[in-house]
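Below is one structure, written out as structure tokens; the observations come after it.
Residue numbers (my numbering): 18 to 152.
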């Protein structure tokens, strides 16, 4: 790829071309949630309640992962821009390792903390059971 691509291209087309994948990703995610809610709502009111209670936690975990990924990506870009490919490779390797660790830690925290979280919002044991299953 041409190294002057981002320096010479007009700003509006550049921003649009860079943001389009994110827009598509968010649209697909929203569509998934809408379709999921539609079919879960047909099961029972408790199932829909469980889904609604778990959704913010799923969003939080996703946001933490995306934020972590953006940070690692910025670090890798910095090293590549400074022509330090060895450091960029190290940052990639460490980022992947930390990503796995972060996934394991968040999974454990969610599995341990979800029953208590759900009990703060519902006293229905069936809804709590469904919420744990959904997560």
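Think of the CB as a built atom: it goes at the ideal place given N, C-alpha and C, for glycine as much as any other residue. Note that this is a predicted model, so its numbers are computed, not measured.
What did DSSP end up calling residue 62 once you bin it into helix, strand or coil?
Indexing the chain shown from 1 puts residue 62 at position 45. Residue state, collapsed to three classes: helix.
Measuring only the C-alpha atoms, how far is residue 52 from residue 58?
By 1-based counting over the chain shown, the position of residue 52 is 35. By 1-based counting over the chain shown, the position of residue 58 is 41. In a straight line, the C-alpha of residue 52 is about 10 Å away from that of residue 58.
Mind checking whether the beta-carbon of residue 124 lies closer than 8 Å to any heavy atom of the ligand NAD?
As for the ligand NAD, it is missing from this structure, which has no ligand bound.
Pick from 78, 117, 71 that is closest to residue 149, judged by C-alpha positions
Reading the chain shown from its first residue, position 132 is the one you call residue 149. The shortest C-alpha separation from residue 149 is found at 71.
Is it the case that the Cβ atoms of residue 120 and residue 86 are separated by a distance below 9 Å?
Start at 1 with the first residue of the chain shown, and residue 120 comes out as number 103. Start at 1 with the first residue of the chain shown, and residue 86 comes out as number 69. Cβ atoms of residue 120 and residue 86: not closer than 9 Å.
Considering Cα atoms alone, identify which of 29, 68, 83 is closest to residue 6.
Outside the shown range of the chain (18 to 152) lies residue 6, about which nothing can therefore be said.
Going by C-alpha to C-alpha distance, which of 93, 65, 106, 109 sits closest to residue 143?
Taking the chain shown and counting its residues from 1, the one referred to as residue 143 is at position 126. When each option's Cα is compared against that of residue 143, the closest is 65.
Which class does residue 104 belong to by DSSP, given the choice of helix, strand or coil?
Here the question's residue 104 lines up with position 87 in the chain shown. The answer is helix: DSSP assigns residue 104 an H, G or I state.
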